[in-house]
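Going line by line, the protein sequences match chains V and L.
Using UniProt numbering, read the first sequence as starting at 1 and increasing by one per residue.
Using UniProt numbering, read the second sequence as starting at 1 and increasing by one per residue.
All C-beta atoms in this analysis are idealised placements derived from N, C-alpha and C, irrespective of residue type, glycine included.
Since this is a predicted model, take the numbers as computed values, not measurements.
What follows is a single structure, written as structure tokens, with notes after it.
2 protein chains.
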Amino acid sequence: MIRLPMTEIDRTKPGPLFLKVKEEILRQIRLGGLRPGDRLPPTRQLATELGLNRGTVSVAYEQLVDEGVLESHVGRGTYVATELTMDALGISNGASSEYKWVDHFAGIDPPPPNLYPQVNGNLIPFHRNVPDEALFPIDTFRVSLDESLSIEGERLLSYAPKAGHPKFVSFLIDYLAENRLGGVSQNEVLVVNGSQQALDLIGRAFLRPGDTVVVENPSYSGALELFRSFGARIIGVDMDEFGLRIDEAEKILARERPKFIYTMPTFQNPTGRNLASARREQLVRLAARYEVPVIEDDFDGELFYDNPPPPTLKSLPGNQGVIYIGTPSKMLFPGLRIGWIVAEDAVVEHLGRVKQIADLSSSQLLQAAFARFAQSGALSKHKDRVRRAYKERRDQLLQSLEKRMPEGCSWSRPGGGMSLLVSLPSHLRADRVLEITADQGVLFSPGSWFFVNRGHHHLRLCFGSVPVEQIDTGVKVLADAVKRELRDRRAVALGKPSSLPQV
Amino acid sequence: MIRLPMTEIDRTKPGPLFLKVKEEILRQIRLGGLRPGDRLPPTRQLATELGLNRGTVSVAYEQLVDEGVLESHVGRGTYVATELTMDALGISNGASSEYKWVDHFAGIDPPPPNLYPQVNGNLIPFHRNVPDEALFPIDTFRVSLDESLSIEGERLLSYAPKAGHPKFVSFLIDYLAENRLGGVSQNEVLVVNGSQQALDLIGRAFLRPGDTVVVENPSYSGALELFRSFGARIIGVDMDEFGLRIDEAEKILARERPKFIYTMPTFQNPTGRNLASARREQLVRLAARYEVPVIEDDFDGELFYDNPPPPTLKSLPGNQGVIYIGTPSKMLFPGLRIGWIVAEDAVVEHLGRVKQIADLSSSQLLQAAFARFAQSGALSKHKDRVRRAYKERRDQLLQSLEKRMPEGCSWSRPGGGMSLLVSLPSHLRADRVLEITADQGVLFSPGSWFFVNRGHHHLRLCFGSVPVEQIDTGVKVLADAVKRELRDRRAVALGKPSSLPQV
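Printed below as a string of structure tokens:
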């Protein structure tokens, strides 16, 4: 008995059944399941197999014969034409298999990347929220790296134990106690691939499609994308100069059941603001009252330029629900791909299992080298150095904004970190301003990437990667572009022709 | 108006409503939302707010007054008792907040880790599917690492471009062409954190709960766990000495619509078997006919001890649907955490976006060091060296099994890789044998971890980490344990007392 490799006709799709039979036969020929000269089953047999009327199959066969795809020989049956043209099959080239990959992917798509306009010539990179490579202490680190491998040897190139390189975990507990967070025990630590993986593991462990996540508004765009990729609904809590507004958060917690609150209490991205001390205590208490975990992303807590920041949430009373994330990416090298999670053991145990499934383990060599670098005293020196350098850049940036930006603009005044948020008059769009400044080599990030909604008139300036002597030039380009937009908007309002095409 | 911080009573849970009101009040007191001396809303008000009868709330209040949690003052209302004992609240210690984390986690739990029995004293590690640390070329690699950082500098400690370190991607294309796979272009490569992350990104991109995945039976336990963590249903295709049975696979594809076929055609884990050349072509054609992607995990394809293995699936005609995974973890160091995916650009583009969300990027330093190590010629030398060493171990293992294992046992004969599968008589359980051998320091992995079902009488022996002079001793311990189990099973069948407790 001749059998077609096709198994079923999808009746849920619209369209006549004979067309579906035709399409399925064409698909099988394209994929090689039916070859030129192959005999097709009799219409009666195929009709029975597919649960269709014989007439439906006959019409399909007849049309395919008319189109030259099949050949009918009286008394011998129906065959795939021996001289098939690609044209007859609707194939544009000779490829024997074309996967429509988009039909294979499942779940929620990852977001498209945020793209900046092309820049030719000299770039003033206010868009890069990364430390300045020119300040990287490569030579000192090379020594730490080489010594680590020389002293600790083979073990550093094997799989790591679940929590991370054991010596690194011990070092980290002391390091945290000295710098951010005391009283952490071994089973409360998980070492991961940078703070992005920390967020990812937490998202994976906590979120199902339709779950709610509460964030500061604005927040880190990479976290928003991540949470959305798990199908989470995101609710933003407004901020003021003292950080996240606790009264707003309380209103949301009273009516929603979020899976967690994601916050950067210290030198927040993009605003650079600190959550005030009293609010830190309030937030921890509020979250505990509603039994909502708090994800504390402390990615740049050590980069302070005036006073040290208030204590971390994780070090406050009632911190059981706080899941703390740290990383050397901003204070030292992003390329180390090191991050850490500090949380109650039940959380660390669970996240550790998720991590093992995700990528088995992280590099022990890089963890060992970082610990050695820190223990040698080089990290302290480096932190002092970059604090001075970034402070100078921040001061210059604030001074230039003050001097150059037109009326109606405002900006945050960060006490640390590498970024601040500029707010334009609300009828302007930062992405339009960006198109203008990009022509002169000045890039920044439009606020819409950071706001849960209505962020179009904000923009983020990062000063970590911009040499101090370029800052004023960059701000002048920005200020001129804003002024031009203000003029053009006014002109449009008054009915005058614009100097820009209205797209 | 007095308001309780509670917002709702869960009616979907079983149990009387007044008990739920009681529990909610107790919960609020434990969490600090209600404090000693706080006044509760009148029963009528709370009943209205919660949509309950007033009587239900009254009973809850009365019982809590009886239990000393609340106090009722005639004419003034009901209050939280001012002298509350922890005992009255059902709290064992003074903790003010206790998160029941298990209630917070979402989705499908990661599996519990596979645990081996405790071993005291000398260990013969047939359970470790990792290369032997004693063979690690640490000193040569130290030079490559140091030179990379010295020559390429800062860039290696910054975030990597999406596809990976550009120089590494170029190197990799040449390396693959020489060793596994020709004609790969830049936009078909994605560098990841070891092959486990490759599998994870693929699972994330393709799988939704309820989806079907087809695997060899047995297969890599870490892949089975991973796919299950996405809620996938796993169908195993039986293997014979030529690898996966294509006829079985075809039957499954004819009735199922799997999201992909996951296969290790070369030196499969756990069997060490190769998929025969003809079957490779059949598999690629079969998958293309049904438009099912094939995940080719080539984790140890370069570790051959007799003849080089047949060509990779990805290098065969009709390979558009093949997603290829490679890694230096088994041939060099697992701790490099390097892996690569080669696939059509649409797949690489999508997986790259998933990777960016998952952990932004991988270490460029380790990629650069690996490329330099390979380009210096050291990798070739190392591969020759480990091939000789592991071949000797494999030969010894096969010889010892032949000599010592009792009748009724069989095993696969791997032409490469680091593992083989032993099959015991089907009435024995490998996990019981493991309990016996562990007492004498010999560990292996029970087959049930690798089989989709009915794997209890199989076991995996890895020879990569066992020094050649320990292999025969280890096999003797195993063979004796199997003989003892065979005797005891027979004794049980004959009604004689067993020397082992029957649990």
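Alpha helix (DSSP H) segments (min. 4 residues) lying fully within the region 365-428 of chain L
Segments of the alpha helix (DSSP H) lying fully in the region 365-428 of chain L: 378-404.
Buried or exposed for I338 (chain V), going by 16 or more other Cβ atoms inside 10 Å?
By the 10 Å Cβ count, I338 (chain V) comes out buried.
Pairs of beta-carbons, one from the region 426-439 of chain V and one from the region 453-466 of chain V, closer than 8 Å: are there three or more?
The region 426-439 of chain V is in contact with the region 453-466 of chain V.
Which of the residues in the region 199-228 of chain L, read from start to end, lie with their CB under 7 Å from any CB of chain V?
So the list reads D200, A205, F206, L207, R208, D211, E225, L226, given in the order they occur along the chain.
List the endpoints of the continuous beta strand (DSSP E) containing T263 (chain V).
Looking at the DSSP string, the run of the beta strand (DSSP E) that includes T263 (chain V) is 260-263.
Can you find the residues in the same chain that come closer than 8 Å, C-beta to C-beta, to K13 (chain V), ignoring five residues on each side of it along the sequence?
Here the set comprises K20.
What would DSSP say about V74 (chain L), mapped onto helix, strand or coil?
For V74 (chain L), the three-state secondary structure derived from DSSP is coil.
Can you tell me the Cα-Cα spacing of L244 (chain V) and K22 (chain L), whole angstroms?
A direct Cα-Cα distance of roughly 34 Å separates L244 (chain V) from K22 (chain L).
Tell me whether N120 (chain V) is buried or exposed, calling it buried when 16 or more other Cβ atoms sit within 10 Å of its Cβ.
Under this definition N120 (chain V) is an exposed residue.
Against chain V, does W101 (chain L) count as a neighbour if the rule is that its beta carbon must be under 8 Å from one of theirs?
Chain V, which has a Cβ nearer than 8 Å to the Cβ of W101 (chain L), makes this yes.
DSSP three-state assignment for E344 (chain V), whether helix, strand or coil:
Three-state result, E344 (chain V): coil.
If you compare alpha carbons, which of V:E133, V:K251, V:L50, V:N269 is closest to L17 (chain V)?
Per the C-alpha coordinates, the member of V:E133, V:K251, V:L50, V:N269 positioned closest to L17 (chain V) is V:L50.
Name the chain V residues whose beta carbon is nearer than 9 Å to that of V130 (chain L)?
The answer, in chain order, is S158, Y159.
Rounded C-alpha distance that separates P209 (chain L) from G352 (chain V)
Approximately 22 Å, taken between the alpha carbons.
Residue 507 (chain L): first and last residue of the uninterrupted beta strand (DSSP E) it sits in
Residue 507 (chain L) lies beyond the range of chain L shown here (1 to 503); nothing can be said about it.
Measure from the alpha carbon of S376 (chain V) to the alpha carbon of each residue in V:D38, V:F260, V:L145, then state which is nearest.
When the alpha-carbon of S376 (chain V) is set against those of V:D38, V:F260, V:L145, the nearest one is in V:L145.
Using a Cβ-Cβ cut-off of 6 Å (strictly less than) and excluding sequence neighbours within five positions of F171 (chain L), which residues of its own chain qualify?
Apart from sequence neighbours up to five positions away, the residues of its chain that approach F171 (chain L) with a beta-carbon distance below 6 Å are A371, ordered along the chain.
Are the Cβ atoms of V169 (chain L) and L176 (chain L) separated by less than 8 Å?
Not a contact, by the Cβ cut-off of 8 Å.
Identify which residue in V:G37, V:L52, V:R228, V:R394 has its Cα closest to the Cα of R11 (chain V).
It is V:L52 whose Cα lies nearest to the Cα of R11 (chain V).
Cα-Cα separation between A278 (chain L) and L286 (chain L), rounded to whole angstroms:
If I take the Cα positions, the gap works out to 12 Å.
Three Cβ pairs or more, each shorter than 8 Å: is that satisfied between the region 395-407 of chain L and the region 153-168 of chain L?
With a cut-off of 8 Å on Cβ pairs, the region 395-407 of chain L is not in contact with the region 153-168 of chain L, counting fewer than three such pairs.
Kindly indicate the opening and closing residues of the alpha helix (DSSP H) around L123 (chain L).
No alpha helix (DSSP H) holds L123 (chain L); DSSP gives it neither H nor E.
Determine, using beta carbons only, whether V292 (chain L) and P258 (chain L) come nearer to each other than 8 Å.
Contact check for V292 (chain L) against P258 (chain L) passes: the beta carbons are separated by less than 8 Å.
By the three-class DSSP mapping on this structure, what secondary structure does Y175 (chain V) have?
Of the three classes helix, strand and coil, the one that applies to Y175 (chain V) here is helix, per DSSP.
Nearest-angstrom Cα separation, counted from M239 (chain V) out to I246 (chain V)
Distance from the CA atom of I246 (chain V) to the CA atom of M239 (chain V), rounded to whole angstroms, is 9 Å.
Short-range partners of chain L found in the region 334-365 of chain V, where Cβ spacing is below 8 Å:
Under the 8 Å Cβ criterion, the region 334-365 of chain V contributes P334, G335, L336, R337, E344, A346, V347, H350, R353, V354, Q356, I357, A358, D359, L360, S361, S362, S363, Q364, L365.
Classify E216 (chain L) as helix, strand or coil using the three-state DSSP reduction.
Reduced to three states, the DSSP call for E216 (chain L) is strand.
List the DSSP bridge partners of I325 (chain L).
L:D297, L:I341.
Counting only beta-carbon atoms, is K483 (chain L) nearer than 8 Å to chain V?
Output row for K483 (chain L): interface = no.
Paired residues, beta bridge with H458 (chain L) - DSSP
In the DSSP output, where bridge partners are listed per residue, H458 (chain L) has L:S423.
Could you tell me the alpha carbon to alpha carbon distance between R44 (chain L) and V57 (chain L), rounded to whole angstroms?
Their Cα atoms are separated by approximately 8 Å.
What does E133 (chain V) reach in chain L if we use C-beta pairs closer than 9 Å?
Chain L residues near E133 (chain V): G153, E154, R155, L157, S158.
With C-beta atoms as the reference, is R155 (chain L) less than 8 Å away from Q356 (chain L)?
By the CB criterion at 8 Å, R155 (chain L) and Q356 (chain L) fall outside the cutoff.
Can you pull the chain V neighbours of H382 (chain L), defined as C-beta to C-beta under 8 Å?
For the C-beta of H382 (chain L), not a single chain V residue is nearer than 8 Å; the gap to the nearest is close to 12 Å.
So what's R39 (chain V) in DSSP terms, helix, strand or just coil?
In this structure, R39 (chain V) counts as strand in the three-state DSSP scheme.
Per DSSP, V143 (chain V) forms a beta bridge with which residues?
Looking at the DSSP output, V143 (chain V) shares a beta bridge with no other residue.
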